[in-house]
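Student: Have a look at the structure that comes next, please.
Numbering (this note's numbering), first residue to last: 16 to 500.
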């Protein structure tokens with residue numbers, strides 16, 4: 016019987032008090048005391064419960080029959096199973112882990128990290144193999160040219176510094192004038208933009224890295240001032256009323272009501288994705304990723320909270336998925352399927368999202384995306400942008416069960432929780448974004464157990480006025496003689 020099956024049997028047992036008492040004894044057993052402190056290392060065997068414990072979510076979101084258990088009881092039950100099932104793995108992780116990766120000397124850690132799957136190659140397709148399973152995740156930083164949306168020299172340097180990742184995914188890139196909408200973000204729909212992106216890609220390739228372009232249409236999260244038509248479009252005529260954005264001049268303002276795309280306009284938007292992919296291929300990108308997350312246009316079609324259509328793009332799961340399906344089909348005329356990824360965030364609230372049928376809708380999407388033979392499905396399974404309670408949570412483990420292909424887990428991972436996700440089979444590789452902001456050599460720091468800088472202050476994330484401050488102001492780590500590998 017598997018650990019998960021045993022765990023479920025424990026949880027539904029009527030002898031709850033006895034289970035908890037035994038679990039507490041395991042918690043305070045001296046050999047496993049670190050395990051109680053670093054509970055996130057439960058990931059290797061029970062990934063979904065890691066999220067419950069780490070973020071103190073209602074356990075009923077994952078296992079309804081555990082609703083009366085406290086987080087402490089849940090931790091104990093997890094440990095009881097894991098200690099009996101995999102003591103060698105538990106001891107190894109417990110001894111090597113701290114949140115800052117500086118608990119051991121490099122000499123000690125080298126023997127541990129040498130066995131990490133995080134640092135092993137991953138095949139995305141027969142002609143595309145990553146050197147490791149660490150991904151620089153797409154991170155909007157708003158440091159491109161404000162007028163032309165062209166990447167600048169500082170952007171090129173920024174990506175070069177992060178070339179230690181097995182794969183780099185560009186920040187969200189506007190696919191067209193209609194799709195653009197973030198003050199200071201880059202785009203790729205003009206010759207000038209394409210030329211600068213090519214320079215960036217060439218210099219990243221010179222460092223030995225692989226890089227995908229993220230295709231981004233903001234939909235209703237754009238602002239009318241970015242567009243000659245003075246309007247924003249979406250799946251339906253809805254408005255995000257819960258937040259603010261910046262207009263084309265950089266002034267903070269509210270969102271405005273979107274115009275619903277006409278049925279015959281949708282093919283034109285799909286073509287915008289294809290044309291941007293053509294430019295990306297000419298610029299030398301190794302592949303492209305569809306930004307279907309965080310409440311942007313693709314997400315607006317997928318979710319019932321924003322899709323009120325009554326035509327073939329609305330209503331049923333099949334119809335709401337149709338827009339994404341047509342985008343992927345169009346991209347396959349430019350790149351092989353094995354060089355196309357899709358990013359989704361079924362649990363997020365960013366952009367006013369969260370729908371009661373998300374669990375079913377996104378499970379359907381995961382299964383349908385399997386038909387294409389894609390390079391990967393990127394799953395935002397954490398809570399950096401907030402967490403919706405409208406429907407049952409979907410984790411990377413759920414995505415892995417439904418999607419036939421590589422799954423990338425994303426959001427608030429450390430080196431060891433990432434390793435746990437990979438070892439558990441919940442994910443094949445892991446994206447890091449915020450940690451990469453302040454650690455340009457994050458992959459090297461992880462592998463050598465060098466100190467990891469904390470995530471920078473939020474004000475530096477995506478404010479174009481900050482320039483290099485909080486952007487290219489973080490240096491690579493310089494190890495001491497004792498720390499040399």
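Each residue gets a CB set at the ideal place from its N, CA and C atoms; glycine is no exception.
So the beta strand (DSSP E) residue 421 belongs to, where does it begin and stop?
Tutor: Counting along the chain, residue 421 falls outside any beta strand (DSSP E), and DSSP gives it neither H nor E.
Student: Residue 367: buried (16+ other C-beta within 10 angstroms of its C-beta) or exposed?
Tutor: Under this definition residue 367 is a buried residue.
Student: Taking the alpha helix (DSSP H) that residue 215 belongs to, which residues open and close that run?
Tutor: Run containing residue 215: 206-221, per the alpha helix (DSSP H) assignment.
Student: Just curious, the alpha helix (DSSP H) that residue 285 is in, first and last residue?
Tutor: It spans 281-297 - the alpha helix (DSSP H) in which residue 285 sits, taken as one unbroken run.
Student: Between residue 482 and the rest of its own chain, which residues show a CB-CB distance below 6 Å, the 5 nearest in sequence each way excluded?
Tutor: Contacts found: none.
Student: Measure the beta-carbon distance from residue 192 to residue 242 and round it to whole angstroms, keeping in mind my assumption that it falls under 8 Å.
Tutor: Correct: roughly 7 Å between the Cβ atoms.
Student: Helix, strand or coil: how does DSSP classify residue 267 here?
Tutor: Residue 267: strand per DSSP, three-state reduction.
Student: May I ask you to list the residues that DSSP assigns as paired with residue 260?
Tutor: Answer is 268.
Student: What residue range is occupied by the uninterrupted alpha helix (DSSP H) comprising residue 376?
Tutor: Here the alpha helix (DSSP H) through residue 376 covers 373-384.
Student: Name the DSSP beta bridge partners of residue 394, please?
Tutor: According to DSSP, residue 394 bridges with 359, 424.
Student: In the DSSP assignment, what are the bridge partners of residue 192?
Tutor: Note: residue 192 sits in no beta bridge, so no partner.
Student: Thinking C-beta only, is residue 218 closer than 8 Å to residue 175?
Tutor: Cβ distance < 8 Å, so residue 175 and residue 218 count as in contact.
Student: Nearest to residue 168 by alpha carbon, out of 201, 436, 190?
Tutor: Checked all of 201, 436, 190; the closest Cα to residue 168 is 201.
Student: Comparing C-alpha positions only, which one of 156, 146, 152, 148 sits nearest to residue 474?
Tutor: When each option's Cα is compared against that of residue 474, the closest is 156.
Student: Cα separation between residue 238 and residue 275?
Tutor: About 15 Å.
Student: Output yes or no for whether 8 Å exceeds the beta carbon distance between residue 421 and residue 137.
Tutor: Result yes, Cβ atoms of residue 421 and residue 137 sit closer than 8 Å.
Student: Using three-state DSSP, classify residue 275 as helix, strand or coil.
Tutor: Here residue 275 sits in strand by DSSP.
Student: Is it buried or exposed, residue 208, if we count other Cβ atoms within 10 angstroms and call 16 or more buried?
Tutor: Residue 208 is buried by the Cβ-count criterion.
Student: Using 8 Å for Cβ pairs, my map puts residue 433 next to residue 445. What's the rounded Cβ distance?
Tutor: That pair is a contact at about 4 Å.
Student: Using the Cα positions of residue 326 and residue 318, report the straight-line distance between them to the nearest angstrom.
Tutor: Cα to Cα, the separation comes out at about 15 Å.
Student: To which residues does DSSP link residue 302 through a beta bridge?
Tutor: According to DSSP, which records beta bridges pairwise, residue 302 is partnered with 227.
Student: Is it buried or exposed, residue 225, if we count other Cβ atoms within 10 angstroms and call 16 or more buried?
Tutor: Counting Cβ neighbours within 10 Å, residue 225 comes out buried, since at least 16 surround it.
Student: Near residue 215, what residues of its chain come up, given a Cβ to Cβ distance below 7 Å and the 5 sequence neighbours on each side ignored?
Tutor: Excluding sequence neighbours, residue 215 sits near 166, 170, 171, 174.
Student: Short of 7 Å in beta carbon distance, which residues of its chain neighbour residue 139, apart from the five on each side in sequence? Order them along the chain.
Tutor: Taken in chain order, the residues that qualify are 145, 353, 390, 391, 421.
Student: Might you give, ordered along the chain, the residues of its own chain that have their beta carbon closer than 7 Å to the beta carbon of residue 470, omitting 5 neighbours on each side?
Tutor: Result list for residue 470: 449, 450, 452, 453, in chain order.
Student: Taking the continuous alpha helix (DSSP H) assigned at residue 151, which residues delimit it?
Tutor: No alpha helix (DSSP H) contains residue 151, which is instead part of the beta strand (DSSP E) from 149-151.
Student: Taking 8 Å as the cut-off, decide whether the C-beta atoms of residue 359 and residue 300 are in contact.
Tutor: For residue 359 and residue 300, no; Cβs fall outside 8 Å.
Student: Using the rule of at least 16 other Cβ atoms within 10 Å of the residue's Cβ for burial, across every protein chain shown, is residue 142 buried or exposed?
Tutor: With fewer than 16 Cβ atoms within 10 Å of its Cβ, residue 142 is classed as exposed.
Student: Can you tell me which of the three DSSP states residue 444 falls into?
Tutor: Here residue 444 sits in strand by DSSP.
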